[in-house]
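Under numbering that gives the first Met the number 0, the residues of the sequence shown are numbered 0 to 423, in order.
As structure tokens, the structure follows; a few thoughts come after it.
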Amino acid sequence: MNNNTSEHTITSSGTAGSPALDIDKIRELFPVLHQEVNGQSLVYFDNAATTQKPKPVLDALHDYYTSMNANIHRGVHTLADRATAAFEATRESIRRFINAAEKEEIIFTKGTTDGLNLIAATWGRANIQQGDEIIISALEHHSNIVPWQMLCQEKGATLKVIPIDGNGDIRLEEFEKLLTNKTKLISIVHASNALGTINPIEAVIKKGHEAGAVVVIDGAQASAHITLDVQALDCDFYVFSGHKMYAPTGTGIVYGKRSLLEAMPPYQGGGEMIKEVTFEKTTYNVIPYKFEAGTPNIADIVAFRHGVEFIEMLGRKKIAEYEEQLLSYAKEKLSEVPGLRFIGTAKRKVSVVSFAIEGVHHFDVGMMLDAKGIAVRTGHHCTQPLMRMLGIEGTVRASFSVYNTTAEIDRLAEGLKGIVKMMR
Ligand code: PMP
0 MNNNTSEHTI TSSGTAGSPA LDIDKIRELF PVLHQEVNGQ SLVYFDNAAT TQKPKPVLDA
60 LHDYYTSMNA NIHRGVHTLA DRATAAFEAT RESIRRFINA AEKEEIIFTK GTTDGLNLIA
120 ATWGRANIQQ GDEIIISALE HHSNIVPWQM LCQEKGATLK VIPIDGNGDI RLEEFEKLLT
180 NKTKLISIVH ASNALGTINP IEAVIKKGHE AGAVVVIDGA QASAHITLDV QALDCDFYVF
240 SGHKMYAPTG TGIVYGKRSL LEAMPPYQGG GEMIKEVTFE KTTYNVIPYK FEAGTPNIAD
300 IVAFRHGVEF IEMLGRKKIA EYEEQLLSYA KEKLSEVPGL RFIGTAKRKV SVVSFAIEGV
360 HHFDVGMMLD AKGIAVRTGH HCTQPLMRML GIEGTVRASF SVYNTTAEID RLAEGLKGIV
420 KMMR
């Protein structure tokens, strides 16, 4: 069985004490990167949508189905015990990864969208009343807007929005003005998927708590890039998806403080989430199982651990430093492209570059780059209100991961120059 990532250990090419990441070795772990697309070697710059998966994650999936597949928690046989241990090992890995106090504070979900809906449907339904206020920011992904909108409609509550400035930073002084004694919940993105802005969530959490509100953080774009410590942050909930951090699709977590989770009603009803069922009445299981009805996505959650441990093996600080280098290189190279305008110029950013090219529609840019083997994302990035606020329909977005290189950024810049030349 392959239960650890050690056989894939990456050796360093740097100096002792502070070894650099060996990007060639890292790339070897990602089979999907080694292919031609439209006759050119693939450049994958759509990491904010989903990252590629390293061999330890692929091996863990294969290993799960070939050595331990069974339903978890209820079995008395050996395979069920093995599968349960592997599933619960992921919970412990994630606890360590975000420095939660206890593994019971980690609830498995299908992803960020599922996690935010879980909080809205449980904590939200139980605590939001008519006249209450919920605050989000202008940077939010649709999945951190629509669940709160639905809750507000159901309860007669009001949704308020923190505006942004011209760089794509939230306006903290405006946020403070939005806080009232009716503010019950603040839900804000840690890092924007559309612009890359890293929000000052420490300040938002502090001010939110002073106003008596519960604070939810959408960490979908942060978990693969930023070192997390939910106890130091003191957020009430933190949510992310596994597939944006080298793990399979259909995985994610909600972190919640024990006291909140224990007081919340369940999400879905069914097996696993119960203590006892009679036709008259049901009592519920303890956390986290109270929120995990039915057979979960066992294999993918088992493999999720290997995505987390891949990040830990490389080191989040080193990943962040390397991606920062890619980001500044991209800013420099792309600014040489005639007619290119950056959208989102916040000082603190994850490795996301959004831009527009004068006179060329973003879809066309994306299609022409694809013809050159370069994968980027185009459109509104599930942030239509933000795009409307910026007065645009969409952007071209290149988002970098630890396996990307400056040579690939050169190809993007050259590709864009070629497109501009052809379109003029
Ligand atoms: N929030 C942000 C900031 C995101 O980038 C995404 C995914 N693009 C989501 C939420 C939703 O994540 P998922 O699709 O994995 O549920």
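Every residue, glycine too, gets a C-beta built ideally from N, C-alpha and C.
**Study point:** Distance between Leu-339 and Thr-89 (C-alpha atoms, nearest Å)
**Key:** Within the sequence shown, the letter at position 90 stands for residue 89. Within the sequence shown, the letter at position 340 stands for residue 339. Looking at the two C-alpha atoms, the distance is approximately 43 Å.
Check your understanding: Thinking just about the alpha-carbon of each residue, which of Met-263, Pro-295, Gly-251 is nearest to the one in Gly-442?
Key -> This structure does not reach residue 442, given that the chain is present from 0 up to 423, and the question cannot be answered.
Exercise for review: With a cut-off of 8 Å on the beta carbons, I'd call Pro-287 and Ile-106 a contact; round off their distance for me.
Suggested key: Mapped onto the sequence shown, residue 287 falls at position 288. Mapped onto the sequence shown, residue 106 falls at position 107. The Cβ separation is near 5 Å, so the contact holds.
Check your understanding: Leu-60 lies in the alpha helix (DSSP H); which residues open and close that run?
Key -> Stepping through the sequence shown from its first residue, residue 60 is reached at position 61. 54 to 66 is the extent of the alpha helix (DSSP H) around Leu-60.
Review point. Under three-state DSSP, which class holds Ala-47?
Key: For the purposes of this step, residue 47 is taken as residue 48 along the sequence shown, with counting starting at 1. Looking at Ala-47 - three-state DSSP - the assignment turns out to be coil, as it is neither helix nor strand.
Check your understanding: How long is the line joining the alpha carbons of Gly-343 and Ala-69, rounded to whole angstroms?
Key -> As a working mapping, residue 343 is identified with position 344 in the sequence shown. As a working mapping, residue 69 is identified with position 70 in the sequence shown. Cα-Cα distance, rounded: 47 Å.
Check your understanding: Taking one C-beta from the region 110 to 124 and one from the region 260 to 270 each time, how about it: are there three or more such pairs within less than 8 Å?
Key -> yes
Practice item. Measure the Cβ-Cβ separation of Val-349 and Ala-221 and say whether it is below 8 Å. Key: As a working mapping, residue 349 is identified with position 350 in the sequence shown. As a working mapping, residue 221 is identified with position 222 in the sequence shown. Contact: yes.
Check your understanding: Unbroken alpha helix (DSSP H) runs of length 4 or more, entirely within the region 243 to 325: which are they?
Key -> 257 to 262, 297 to 313
Exercise for review: Note down the Cα distance separating Ser-258 from Phe-309, rounded to an integer number of angstroms.
Suggested key: Translated into the one-based positions of the sequence shown, residue 258 becomes position 259. Translated into the one-based positions of the sequence shown, residue 309 becomes position 310. Straight-line Cα distance between these residues: approximately 31 Å.
Point to revise | Range covered by the alpha helix (DSSP H) that runs through Ile-118 | key: The residue given as residue 118 occupies position 119 in the sequence shown. Note, Ile-118: alpha helix (DSSP H), 111 to 118.
**Study point:** Residue interval of the alpha helix (DSSP H) (run including Glu-172)
**Key:** Within the sequence shown, residue 172 is the residue found at index 173, counting from 1. It spans 171 to 177 - the alpha helix (DSSP H) in which Glu-172 sits, taken as one unbroken run.
Review point. Is there contact here, the region 156 to 172 with the region 191 to 206, by at least three beta-carbon pairs under 8 Å?
Key: yes
**Study point:** Selection from Glu-407, Thr-377, Lys-371, Lys-181 that minimises the alpha carbon distance to Leu-333
**Key:** Position 334 of the sequence shown, counted from the first residue, corresponds to residue 333. Out of Glu-407, Thr-377, Lys-371, Lys-181, Glu-407 has the C-alpha closest to the C-alpha of Leu-333.
Review point. Candidates His-305, Phe-96, Thr-49: which alpha carbon is nearest Asp-425's?
Key: Here the chain comprises residues numbered 0 to 423, so residue 425 is not present and cannot be evaluated.
Check your understanding: Does the Cβ of Leu-325 have 16 or more other Cβ atoms within 10 Å, making it buried, or fewer, making it exposed?
Key -> Taking the sequence shown and counting its residues from 1, one reaches residue 325 at position 326. By the neighbour-count rule (16 or more Cβ atoms within 10 Å), Leu-325 is buried.
**Study point:** Cutoff 7 Å; reference Gln-39; Cβ partners in own chain excluding five residues on either side
**Key:** For this step, residue 39 is matched to residue 40 along the sequence shown. The residues are Lys-371, Gly-372.
Check your understanding: For Gly-378, which three-state DSSP category applies?
Key -> Within the sequence shown, residue 378 is the residue found at index 379, counting from 1. Strand, per DSSP.
**Study point:** Thr-4 in three-state terms, based on DSSP
**Key:** Reading the sequence shown from its first residue, position 5 is the one you call residue 4. In this prediction, Thr-4 scores a pLDDT of 38, lower than 50, which makes its location untrustworthy; the coordinate-derived value is nonetheless stated afterwards. Coil, per DSSP.
Check your understanding: In terms of residue numbering, what span does the alpha helix (DSSP H) encompassing Gly-86 cover?
Key -> Along the sequence shown, one-based indexing puts residue 86 at 87. Reading the sequence as shown, one finds Phe at residue 86 and not Gly. Start and end: 77 to 97.
**Study point:** Element boundaries [alpha helix (DSSP H), containing Lys-205]
**Key:** The count along the sequence shown starts at 1 and reaches residue 205 at position 206. First-last of the alpha helix (DSSP H) with Lys-205: 200 to 209.
Exercise for review: Identify the continuous alpha helix (DSSP H) that holds Asp-217 and give its terminal residues.
Suggested key: For the purposes of this step, residue 217 is taken as the residue at position 218 of the sequence shown. Element bounds for Asp-217: not the alpha helix (DSSP H) but the beta strand (DSSP E), 213 to 217.
Review point. What do you reckon, is the C-beta of His-140 under 7 Å from a heavy atom of the ligand PMP?
Key: Within the sequence shown, residue 140 is the residue found at index 141, counting from 1. Yes, the Cβ of His-140 comes within 7 Å of a heavy atom of the ligand PMP.
Exercise for review: Spatial neighbours of Ala-48 within its chain, please: CB distance less than 6 Å, with the 5 preceding and 5 following residues excluded, ordered by chain position.
Suggested key: As a working mapping, residue 48 is identified with position 49 in the sequence shown. So the qualifying residues of the chain are Arg-376.
Check your understanding: Just to check, is the beta-carbon of Ala-219 closer than 7 Å to a non-hydrogen atom of the ligand PMP?
Key -> Looking up residue 219 in the sequence shown gives position 220. Indeed, a heavy atom of the ligand PMP lies less than 7 Å from the Cβ.
Review point. Just reading off the alpha helix (DSSP H) that Glu-413 is part of, what are its end residues?
Key: By 1-based counting over the sequence shown, the position of residue 413 is 414. Glu-413 -> alpha helix (DSSP H) spans 405 to 422.
Point to revise | Contact set for Leu-415: own chain, Cβ-Cβ below 8 Å, skip 5 residues either direction | key: Counting from 1 along the sequence shown, the entry for residue 415 is found at position 416. Counting only Cβ-Cβ distances below 8 Å, and skipping sequence neighbours, we find Leu-333, Val-336, Leu-339, Ile-356, Val-364, Leu-368.
Exercise for review: Look up Ser-353 in the DSSP assignment and give the residues it is bridged to.
Suggested key: One-based indexing of the sequence shown puts residue 353 at position 354. DSSP lists Arg-396 as partners of Ser-353.
Point to revise | Cutoff 8 Å; reference His-361; Cβ partners in own chain excluding five residues on either side | key: Residue 361 sits at position 362 when you count from the first residue of the sequence shown. Cβ neighbours of His-361 beyond the five flanking positions: Ala-355, Thr-377, Gly-378, Glu-392, Gly-393, Thr-394, Val-395.
Practice item. Check each candidate in Ile-297, Phe-341, Ile-163 and name the one with the smallest Cα separation from Gly-251. Key: Locating residue 251 in the sequence shown gives position 252, counting from the first residue. Checked all of Ile-297, Phe-341, Ile-163; the closest Cα to Gly-251 is Ile-297.
Exercise for review: Spell out the partners DSSP gives Gln-39 in its beta bridges.
Suggested key: As a first step, residue 39 is located in the sequence shown; it is residue number 40 there, counting from the start. Gln-39 pairs with Val-36.
Check your understanding: Between Ile-418 and Tyr-328, what straight-line distance do the alpha-carbon atoms span, to the nearest angstrom?
Key -> Counting from 1 along the sequence shown, the entry for residue 418 is found at position 419. Counting from 1 along the sequence shown, the entry for residue 328 is found at position 329. Cα-Cα distance, rounded: 20 Å.
Point to revise | Opening and closing residue of the alpha helix (DSSP H) in which Arg-73 lies | key: The residue you call residue 73 lines up with position 74 of the sequence shown. Run containing Arg-73: none; DSSP gives neither H nor E here.
Check your understanding: Roughly how many whole angstroms lie between the Cα atoms of Lys-289 and Val-203?
Key -> Within the sequence shown, residue 289 is the residue found at index 290, counting from 1. Within the sequence shown, residue 203 is the residue found at index 204, counting from 1. Computed Cα separation, rounded: 29 Å.
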